[in-house]
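Here's the structure we're looking at; comments come further down.
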Amino acid sequence: MTTKPVVLIVDDEILNIEIASAALEDGYEISFALSGHQALEVAQAAGPDLILLDVMMPGLNGYDLCRLLKQDPALSDVPVIFTTSLQTPEAELLGLSAGAIDYVTKPFQPGALRQRVGNHVQMKRMRDQLAGLAMQDHLTGLGNRRLLEQRLQQELRQTGRDGGNLALILLDIDHFKQFNDLYGHPEGDRCLQRVADVLDRHMRRGRDLAARYGGEEFACILNGPDLAGGMAVAESIRAGVEALAIPHAGSRVAGSVTISLGVAAGRPARGALSERWLRDADLMLYRSKNAGRNRVTG
Ligand code: GH3
Ligand code: MG
Ligand code: MG
Ligand code: MG
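In the UniProt record's numbering, the protein residues as written are 1 to 298.
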């Protein structure tokens with residue numbers, strides 16, 4: 001079931017809000033604000049799909065509000081349509097250069113307004129969908145390397161500032177080339193998906209992230225655990241993959257598919273770099289490989 005798009009109508013006159021919401025009929029969930037400042041609060045709380053914005057309002061006017069919305073990372077993607085009685089070319093130019101996607105003069109034709117809103121909401125949804133796909137690994141449904149690197153840098157900054165620990169786990173399937181050679185590439189793909197599911201089950205907190213880092217290499221970012229905690233989760237992932245008992249006759253470790261893991265964890269230093277954390281976790285992973293595979297090092 002798809003939810004109705006949320007349209008925020010901002011106007012200092014309640015009658016104008018009623019007219020605009022009537023034009024949108026019942027295809028949308030309507031929220032509204034009677035001033036620019038109220039609109040900022042409502043927009044942050046409601047997360048609208050589109051904003052219909054009046055220009056002339058006491059206090060914060062529509063142009064200034066639009067510029068503020070476009071500076072807010074959480075709201076800058078939300079399309080803004082001005083609905084105003086200002087008819088001059090200068091006013092229209094000001095509105096569009098403030099970041100609005102469209103400019104409609106009052107009184108408007110209700111059918112045309114509904115159509116414009118529909119078109120822009122649809123484009124916004126497609127943009128959101130594309131942005132999601134650009135960060136996702138299509139085989140496993142996990143995040144991809146781009147998302148992992150972006151989120152790791154973000155988490156290092158945030159955790160470094162707010163305090164607390166972060167754990168980064170890197171893992172790699174043992175003798176996976178052999179697995180492909182023996183069982184074929186499609187079976188290899190299924191194996192990758194099942195390993196990904198084990199990782200996914202270990203993501204417990206809202207901001208934890210599991211990603212496919214490369215071909216048969218995965219990574220997890222965990223919020224909270226210190227090194228011992230991170231290694232405990234890694235060990236549970238290792239055991240979870242072993243418990244899948246996917247036959248692997250070509251493995252020199254066991255008769256089934258296994259993984260090797262490396263953990264970097266602790267309280268991020270000020271200005272900590274994601275490259276450095278990845279390098280540390282990778283070094284631990286390398287040690288797990290050298291020590292005989294199917295193990296955790298941290
Ligand atoms: P090690 O235990 O040292 O990690 O050995 P390995 O054989 O796993 O490592 P190597 O890097 O030599 O081989 C990785 C293999 O992963 C080779 C490649 O065919 C396979 N692989 C990478 N991406 C995919 C994929 O998307 N699907 C499948 N089926 N196989 C993949
Ligand atoms: Mg007004
Ligand atoms: Mg590898
Ligand atoms: Mg491997």
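Here a beta-carbon is modelled for each residue, glycine too, at the ideal position from N, C-alpha and C.
Asp-189 classed as buried or exposed, judged by whether at least 16 other C-beta atoms fall within 10 angstroms: Counting C-beta atoms within 10 angstroms of its own C-beta, Asp-189 has fewer than 16 neighbours from the protein chains shown and is therefore classed as exposed.
Under 7 angstroms: does the beta carbon of Asp-181 sit that close to some heavy atom of ligand 4? If you check the C-beta of Asp-181 against ligand 4, you find no heavy atom less than 7 angstroms away.
Any heavy atom of ligand 1 closer than 7 angstroms to the beta-carbon of His-185? Within the cutoff, so yes.
For the alpha helix (DSSP H) that Tyr-103 lies in, which residues bound it at each end? Per DSSP, Tyr-103 lies in no alpha helix (DSSP H) segment; the continuous beta strand (DSSP E) that holds it begins and ends at 102-105.
Report the rounded CA-to-CA distance for Ala-291 versus Arg-252, giving the unit in angstroms. Taking the CA atoms as reference points, Ala-291 sits about 13 angstroms from Arg-252.
Pairs of beta-carbons, one from the region 278-287 and one from the region 187-201, closer than 8 angstroms: are there three or more? Cβ pair count under 8 angstroms is below three, so no.
Taking only heavy atoms of ligand 4 into account, decide whether any of them is closer than 7 angstroms to the Cβ of Phe-176. Within the cutoff, so yes.
So Leu-170 is in the beta strand (DSSP E); what residue range does that whole segment cover? In the DSSP assignment, Leu-170 falls within the unbroken beta strand (DSSP E) covering 166-173.
So what does DSSP say about Gln-158, is it helix, strand or coil? DSSP places Gln-158 in helix when its eight states are reduced to three.
Using DSSP bridges, identify the partner residues of residue 304. The chain is shown only over 1 to 298; residue 304 falls outside these bounds and no answer can be derived.
When you compare each of Leu-171, Asp-162, Asp-181 and Leu-75 to Ala-249 by their alpha carbons, which one comes out closest? The alpha carbon of Ala-249 has as its nearest neighbour, out of Leu-171, Asp-162, Asp-181 and Leu-75, the alpha carbon of Asp-181.
Selection from Arg-151, Asp-11, Thr-297 and Ile-51 that minimises the alpha carbon distance to Asp-172: Here the closest residue by C-alpha is Thr-297.
May I have a chain-ordered list of the beta strand (DSSP E) segments no shorter than 3 residues that lie completely inside the UniProt domain "Response regulatory" (6-121)? For secondary structure counted as the beta strand (DSSP E) over 3 or more consecutive residues, the UniProt domain "Response regulatory" (6-121) holds these complete runs in sequence order: 6-10, 29-33, 50-53, 80-84 and 102-105.
Hey, is Asp-189 close to ligand 3, as in C-beta under 7 angstroms from one of its heavy atoms? Result no, Cβ not under 7 angstroms from ligand 3.
For ligand 3, residues whose Cβ lies under 6 angstroms from any non-hydrogen atom: Qualifying residues come out as Asp-172, Glu-216 and Glu-217.
Comparing C-alpha positions only, which one of Leu-133, Arg-205, Gln-158 and Leu-8 sits nearest to Val-80? With distances taken between Cα atoms, Val-80 lies closest to Leu-8.
Where Gly-206 falls: helix, strand or coil (DSSP): Note: Gly-206 maps to coil in three-state DSSP.
Specify, as a first and last residue, the run of the alpha helix (DSSP H) that Gly-266 falls within. Premise fails: Gly-266 lies in the beta strand (DSSP E), 259-266, not in any alpha helix (DSSP H).
Just grab the DSSP bridge partners of residue 307 for me. Residue 307 is absent from the model: the chain starts at 1 and stops at 298.
Can Asp-11 be considered in contact with ligand 2, in the sense that its beta carbon sits closer than 7 angstroms to one or more heavy atoms? Yes, the Cβ of Asp-11 comes within 7 angstroms of a heavy atom of ligand 2.
What span of residues does the alpha helix (DSSP H) with Lys-4 cover, start to end? Taken as a continuous stretch (DSSP letters only), Lys-4 belongs to no alpha helix (DSSP H), as it is neither H nor E.
Let me know the secondary structure DSSP gives Ala-211 once reduced to three states. Looking at Ala-211 - three-state DSSP - the assignment turns out to be strand.
Determine contact between the region 255-271 and the region 224-240, defined as no fewer than three beta-carbon pairs at a distance below 8 angstroms. For the pair of segments examined, the region 255-271 was found to touch the region 224-240: the number of CB pairs separated by less than 8 angstroms reaches three.
Going by the beta-carbon positions, is the gap between Arg-114 and Ala-23 smaller than 8 angstroms? Going by beta carbons, Arg-114 and Ala-23 fall inside the 8 angstroms limit.
Between Leu-139 and ligand 1, is the CB less than 7 angstroms from at least one heavy atom? Yes, ligand 1 has a heavy atom inside 7 angstroms of this Cβ.
Backbone secondary structure at Glu-217 - three-state DSSP: If DSSP states are grouped into helix, strand and coil, Glu-217 belongs with the strands.
Could you check what DSSP says for Gly-143 in three-state terms: helix, strand or coil? In the structure shown, Gly-143 sits in a strand (DSSP, three-state: E or B).
Boundaries of the alpha helix (DSSP H) in which Gln-193 is found, first to last residue: Per DSSP, the continuous alpha helix (DSSP H) segment holding Gln-193 begins and ends at 185-201.
Between which two residues does the alpha helix (DSSP H) harbouring Asn-290 extend? Looking at the DSSP string, the run of the alpha helix (DSSP H) that includes Asn-290 is 274-290.
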